[in-house]
Amino acid sequence: MPRAVLRSTQIVLLLGMVMAFAGPAAAADPPALDAASAPRLRAIMALPTERSGANSGAVVAAGTTLFVVTPYPQRVKAIALDRPGFPTRWSYTPPSTPEATALAANMVTTPAVADGRLLFVTGNGHAIALDAQSGTVLWDTIQADVSQGEMLAGPPLVVDGRVILGSQGDDFGVRGAMLALDAASGRRLWRYTNVGPDADVGIGGGFRSVALPNAEPDRGLVTWPAGAWQQGGGGLSAGVVYDTQHELLIHGTGHPAPWQPDVRQGDNLWTSGLFARDVATGQARWFDPLNPHDLYALGAGGSLLQAELDWHGTRRTLLLHASANGYVYVIDPADGRILDAHAFVPVTATTGIDPETGTPQRNPAMDVSTNSTTRGICPGWPGATGGGVPGAGSAAFLPRTGLLYIPASLLCMDFEPRQANYLPGTPYTGANLRTTGTPPRGALIAWDVAVARPAWRVEEAFPLRGGVLATEGGLVFYGTLDGWFKAADAGDGRVLWQFQTGAGIVSQPVAFTLPDGRAAVAVLSGAGGLANPDIDRRDATAAHGAANGLRDLQPPTDPIGRLYVFALP
Amino acid sequence: MIERCVLFAVLSLTACKREMRDLRSDPPEAAALDQVRPMENRIGGAAPRIMYALGQPYEGNAYQLNQGKRLYDWFGCKGCHAQGGGVIGPALMDGWWRYGSDPVSIYLSLRDGRPNGMPAFGQRMTTDQMWQLTGYIRSLGSYRPSTAAPSRNDEMQARPAENRGPAAAALIARPSR
Amino acid sequence: MSGSYLEQVVQPDTRDTDIPPRLLGPQLERIWGTPRGLWGFLTTVDHKRIGQRYIVTAFIFLAMGGVLALLMRLQLSGPERRFIDPDRYNQIFTMHGTNMMFLFAVPVMEAVAVYIVPLMVGTRNIAFPRLNAFSYWMFLIGGLVLWVGFALDMGPDVGWFAYVPLSGPQYGAGKRSDIWAQMITFTEIAALAVAVELVVTILKQRAPGMTLDRIPLFVWAMLVTAFAVICAMPAIMIASTSLILDRLVGTHFFNPSEGGDVLLWQHLFWFFGHPEVYIIFLPAVGMISSIIPTFARRPIVGYLPLVLALIATGILAFGLWVHHMFVTGLPRLGESFFTASSMAIAVPNGIQIFCWLATLVLGRPVLKTPMLFILAFFFTFVIGGLSGVMVASVPFDTQVHDTYFVVAHFHYVLIGGAVFPLMGAVYYWFPKITGRMMSERIGRWVVGLVVVGFNLTFFPMHILGLQGMPRRIYTYQPELGWGPLNLFVSLSGCILAAGFVLFFFDVVRSMRSGAPASDNPWQAATLEWATSSPPPSYNFSRIPVVTSANPLWDATILPATRGLRVERRELLVTTVVDAEPQARESSPSDSIWPFWAAVTTSVLLVSSIFTPWAVVWGAIPVTFALIGWFWPKSTPEDLA
Amino acid sequence: MIRRFWRRMAWIVPLACSACGETFQSALQPAGPHAASLARLIWSFTAICGVIWLLVMLVLLFALWRRHRPAEARHERRATAIIGAAVAATVLIITGLTLMSYAATRGLSDDAPDPVVIRVRGYQWWWEVTYADRRPERTFVTANEIHIPLHRPVRLELTAADVIHSFWVPNLAGKQDLIPGRNNTLTIVADAPGTYRAQCAEFCGLQHAHMALPVIAEDAAAFDTWRQAQLAEAPAPVTAEQAAGRDFFTAGPCSACHTVRGTSAAGRLGPDLTHVASRQTIAAGQLPTTRGSLAAWIADPQTIKPGNNMPLVPMTPDQLQSVSAWLASLR
Amino acid sequence: MTHPVRPVLDVSDLPLHGSGSASPTWWGTLAFMLIEGTGFVLLIAVYLYLASLASTWPLGAPAPAPWAGIAFSALLLVSLVPNFLVARWAERRDVRRVRIGLVIMTLFGVVPLVPRAFEFPALHVMWDSNAYGSITWTLLGLHTTHLVTDLIDTIVLLALMCTRHGANPRRLGDVQDNALYWNFVVVTWLPIFACIYGVPWLL
């Protein structure tokens, strides 16, 4: 009941404010958004997205327009920031097939804006480009086969006129792939899967993996039992990073299919690891096997970002990967050598990382076998960080403080592999799963990369599944599953400001400047998953076991997502 | 004294019906079981007439319901519906049926699929398998557990088994829709 | 002398010395007798009427189980026969096993003890006679529950030991395994009740002077058996209760995914299972030890070794249950320990057999029918005992476990070791129970047919087992070559069946028109032959005093006690070791309450198959029935 | 009636003895060292016990024969002495038999050097056989048939998917249970080439009787060629009928339960049919593998094995012809 | 004609009802205690067997909170004193004091049910959660049934003592047997307490 009262007061407050600022902003130099001014942040927009699905993506601000892409069935809206009341300049709803509703329930819908074009992917496998100004469709191609359970994943990345996309279908036994389209025409340039013979994966001469030195042919095939690689999974996970220095696209690969490990003996390459591909040709350059023969279907989830920091005295651009298996990896983007790996949450599944090969040493007590339950496996599904959806729940790095702000989940799980049966288009998981944990079940962890120790942490009742925004002004924005949007001080982690959005936050906050020069922060509420009213919490394995671990998370009174924009008055 | 005998006879008849092991449905019988006449919106409709001739085996026969529970496990229903609680598919035990909870509606959902992503199993399963699965799904969502309802599986405990009426357990606030 | 006259004569606290001896019998009959008709039938607590009824019911179950065996042999008489479909066949072989073990073997041995032990120890009624009535009703209703279930296609189909997970919640559809588990509860309550009665009767109600070394060997055997029942049955009750809990309320005792274990069932079941087969065999040892001295016409040789062997067998029986689980992958060291203990139990067996043989060698054996059955026992049981030693060896067992070799072994030890002595005992004690002799001529035919039929049926099964024929298969393929031997076994099964039919015919014929029997037709030595045939309702007008191990041989005139009251049911309570009189305890009179208690308990148990709440609501009528049973009535027995 | 009865019996008895000769699933015809040591153990135990039985019978006859001797105290003492001796003899024989059994157990130890590892998983009423190998791509799944090389130890890792089964190939070794939630091992070695029939020996439900599998022992070369063939994907259909059969198989309910590597059928509920035609039998040892038996089994599995989990898939006669043709071609 | 009999031993002056080990009902109670004792020993063996199989024990639950169990045990141990007194008063055939004793024993039967009601939630696990929950609930449930049946027996005896049948030595013998059985109820609780509350802290 209290939240409903809170909601109504906000709306009244909101309308009042908007009225007050109807006029042009004062011409004076706009106040900076920093620790001091944070408490005076006010919501200046609360736009409903008319969809009850999970808003895992982010909005994109380009010039005076704010582009929003709603969950499936997707709807694109261009919001004019320069006109009072923020009217919608144009909106476009691509044709949608209801068949993909269940499949694309929580995918990252962040669009990309480049060269006047707005590029985004839809739940039913379409990649679409619109003209940023008018919203007219430039091209619309199908890049994923929804009937097999394949889904386009992650925000598109535009590099030198090429749109880099990833497909994912690990839970449906689909071999995920990386693909590049020509930004102008939408023509497919190349497409490589992450499992299968070298020809499919794009492994040629220039490939060398530090951890797997013996260069054998078709390792994406021979590390699987006969024929099992065809339903291998291993789609895109943890987003795509473009390393300008080495001209590399670095992305994570998802977990192998099925979740039941007994039917896929072997290392199941190239799943659950980090792949680096040549930007132009897509050919693989190096690979790090983070979880060979992944027992817990975590894949290389979590977040992947590049950071400029001084490592042992030299200033280098390194790759930071806060992984779903609970470790933070510092990796040299040139050849994928793992420089450092430490656990940022309590981990029971593994006892440590082998320094040379970077592969985890397994904890025998946490071994899993078919038809028997293994209890207390930490981190629990979908992982210590990352929203379980490629490109969601990403960490943020602030060079000034040298801290990596990781949205973490402290849940553990009971996991029981079962007989998996492959039917095209139906889930190919074969496991019973219950997440377990007592509050605090989540934390914002400020990880000091140099000394591989957490500087500070803010503990939360529920796991943090949304992304983190670290602003130059020394503020760290993050959202929680019970609807709070908070700002913490980047230095010591004091929560300076918070706002109740009424529905769980799993999206990525974005900072941009309003036409009148004021700094603004935008976030999307609406968490889907357990908040989906169709979930019955009396079944402990519902919503991938979340019904057990998050049994006390109240479903939102209004499941419709909203776009909130905050700015200083 | 007579009523007691009659009661005993009726009880024993139901017992026979519950425990009969009809291991094989003949092809013509299976074909007849597929003669479902759905309504236009494909929700509800007339059950095949042979169902009543067979004594509605998929309602109260323990063996058929047990086979239905095995098929629920074998054909990957848990991937979308978990053990009745729902994952990316809706829950089956919360008594809220978007397409109706009568046998024909469930059978149609299984055979022809449903728009929001429910795949069609008509090509994947045989008719009596689909009727067994229909019987099980109804026992999963029923409020008064029947004595023929299956018991728990030898697997991770998720909810009370069908013979303990999971749907009748403490209901959390109904979804708004 | 009409009954009414006796009523005025007898004042409270009249002693048996106060009334003229010729009135003592009628007066005691009036006090101890049971009214005729249905009410008498339902309320009687006379151990003889309940014992007789128990034996008859058990033999009816034997006959029904035998018919099932013939059906199985019909189906197995040839390869790929289609007389019986697999579901029906699984129910039949499970019913055959369950019926023979739980509804025939254990109950019949206890029933014979209920009838004979009070007479042998020289008392007027068994201890806790109303509990005895309750036990019979529970046994009867348990049997009916199982057989009605079988008739309604709800018969258990998971083998008589119902291994989990096949009998568990996932693979045991319907209520079949629940019926089996609930039947276990019924028969275990009945068996435990009788065991308690026997223990207390043997320890506290022996005739004065019957010191520990003068107790007849059959009574020793029943004492050891009773203690074995008391210590073994709780294991099966825990096992069957946890199976019902797993199936009905979702506990996880046997669920390997949630911490349970599948082998826990086998440990619990066989911890009861093996003592169970000794609970069946030890009474037979007692019967043999009673029959041999009578027909060897000399006291038993090695009384003390036989008693010690009985006790040793009783104790060792609890130490070797794992030999039923040699192929479940338990660690080799554990299995070798159980090989040693399984082999070791053959030593007390050996002692018993040698003592019996010595008694025969030193005696002057008379080959009457009971004796012929004992010879049949020797011929058959030794084979069974030796094949038992064979399967006690782990490697040997890996080849023959769960094959027809084991089927042959346990039929040799059960039919050879227990049913033959039992049939001998029926021929031996039939005159005492009915007052009529069974015919020797038919008896010899019965022995001949049964022994020949048995060996022709079950010896080839050793060969079939070694030829790879597993147990519990409803059919087999022609090319396996088991066809001819199976046909031979099925045909000789008919000979065995003919033998049993002839036996039943002889029992029924002799009951009506057998030659009248004297008090001691075989000139036996034990006390039950000191009273008339059939014995009066009060067994002994005066409780005898025992002066030697073979009272009727050593004392021409039997010393007795005097001074018990005659206007109420009274018997002597004596000390445990040297049976000195301690008190004149009153023996409870007829009562309908045990019947009501049994009915209410049965309603509780049967309805708890369908809903766990039945245990809560069903407990209320049971409590009232028990209070009604316990509440003292204003009868002389309760007021003293 | 008696005369006719005896005539029938007379005819049966010789037939019964003849059957002992040629049966090939028997513990008395060992074809491997383990089974041989067990057979020796069986024969020695039988001999010893037979002698003991004869002695007891002799004493019994002696007791019955000398019925008229007066009983004296002297006899009494001698009898107790004899009983004591007999008991001592019993103890000695028992310990002897126990030691013989221990000796035989030691021979069955499971730690054989570099064995062929086969994972057998029992299902209700068929066997899933996985040939494991250090290199994952040489690991493949087959069903209802085991090939083993001669003279080389084969370690069977046994577990069950549903209820308790028991793997028993009497000609090669003793049995070992397959128990859900536990991993048992059994080592078998074959010295003589040939086909040895194994059968489930623990009651496991409706079709416990029809749950067998042939164990084929062959020399190392033949074994390797067989293994290489099993690793390969299913051969492509040659005739149009076979192509139609494959299409019906992959489109219809069959691919929901069965896997045929090389086609889109990847169901794991039923046996792997990639090389079904190369197997000697189908339906867990019930029918010889011919196109006719395949068609009969597909047409109506419930009549051959009532209660088994394969449904009766409705199909037209020519669909049945094409599917059986295709399956028969999967060498 | 039965075997000739000559009365030799006069038993007319023996008491009508022996007390303690001279009464069959005493031996009957002992036998039933042996049955239920075997049952409890086997259940504890099942508990330890399941604990030995589990990698972590207790399964999926913290160790049970001992306070309710301690309160229950204290009450049971205290109840031994009035129980002993009732047995002695019954032996001395002092019906008035036996009535008072039985009232106290009824209280000592009812009051412990309150902490026992709190022991079930203190286990932090449901009976259908896992094998640990199943065996602990079964152990606790069986002992509770054990206690309730003896409580009903005490109440019936109390009612009996208030009727004319009270003064009968046989009925006082029943009171002694009931007291003996109550001792058994207390004695069996000690190993169960050690098992349910002790073993989780040790493992």
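Protein chains in written order, with the numbering used here: chain A, 1351 to 1919; chain B, 68 to 244; chain C, 88 to 727; chain D, 53 to 383; chain E, 65 to 267. Cβ coordinates follow ideal geometry from the N, Cα and C atoms, glycine included.
The C-alpha of residue 181 of chain B lies about 25 Å from the C-alpha of residue 123 of chain B.
Within the DSSP secondary-structure output, residue 561 of chain C pairs in no beta bridge.
For residue 470 of chain C, the enclosing alpha helix (DSSP H) stretches over residues 456-478. No Cβ-Cβ contact shorter than 9 Å links residue 132 of chain E with residue 196 of chain E. Between residue 1859 of chain A and residue 1829 of chain A, the gap from beta carbon to beta carbon is short of 9 Å. In terms of beta-carbon proximity, residue 1764 of chain A lines the interface with chain E, with at least one pair separated by less than 9 Å.
Against chain A, the CB of residue 597 of chain C has no partner CB under 9 Å away; the residue lies outside that interface. Sequence-ordered contacts of the stretch 128-154 of chain B with chain A read 140, 141, 142, 143, 144, 145, 146, 147, 148, 149, 150, 151, 152, 153 and 154 [C-beta pairs closer than 9 Å].
Residues are counted here when their Cβ sits less than 9 Å from a Cβ of chain B; for the stretch 201-230 of chain E the count is zero.
For residue 183 of chain B, the C-beta contacts it makes with chain A under 7 Å involve 1448, 1451 and 1452, in order along the chain. Take the alpha-carbon of residue 1881 of chain A and the one of residue 1760 of chain A: they are about 19 Å apart. Each of E:225, E:116, E:96 and E:230 was checked against the Cα of residue 244 of chain E, and the nearest Cα belongs to E:96. Looking only at C:109, C:283, C:107 and C:147, the smallest Cα-Cα distance to residue 91 of chain E is reached by C:283.
Inter-segment contact for the stretch 230-243 of chain D and the stretch 91-109 of chain D is absent: fewer than three beta-carbon pairs are separated by less than 8 Å. For residue 514 of chain C, the uninterrupted alpha helix (DSSP H) run begins and ends at 507-521, by DSSP. Under the DSSP assignment, residue 1782 of chain A falls in the beta strand (DSSP E) whose first and last residues are 1781-1786. For residue 226 of chain C, the three-state secondary structure derived from DSSP is helix.
When the Cα atoms are used, residue 1737 of chain A and residue 1646 of chain A turn out to be separated by approximately 16 Å. Note that the C-beta distance between residue 525 of chain C and residue 534 of chain C is not below 9 Å. Closest in alpha carbon position to residue 185 of chain B, among A:1768, A:1781, A:1505 and A:1775, is A:1775.
With a beta-carbon spacing of about 6 Å, residue 532 of chain C and residue 589 of chain C fall inside the 8 Å limit used to define contacts. The beta carbons of residue 1566 of chain A and residue 1572 of chain A sit about 7 Å from each other, so the pair counts as a contact at 8 Å. For residue 136 of chain C, the enclosing alpha helix (DSSP H) stretches over residues 134-163.
Between residue 467 of chain C and residue 507 of chain C, the beta carbon gap of about 6 Å places them in contact (Cβ cut-off 8 Å).
The beta carbons of residue 1714 of chain A and residue 1611 of chain A sit about 14 Å from each other, so the pair does not count as a contact at 8 Å. With 16 or more other Cβ atoms inside 10 Å of its own Cβ, residue 348 of chain C counts as buried. The continuous alpha helix (DSSP H) containing residue 234 of chain E extends over residues 233-257.
Secondary structure at residue 1656 of chain A: strand, using DSSP grouped into helix, strand and coil. In the DSSP assignment, no residue is bridged to residue 262 of chain C.
Residue 260 of chain E counts as buried, since at least 16 other C-beta atoms from the protein chains shown sit within 10 angstroms of its C-beta.
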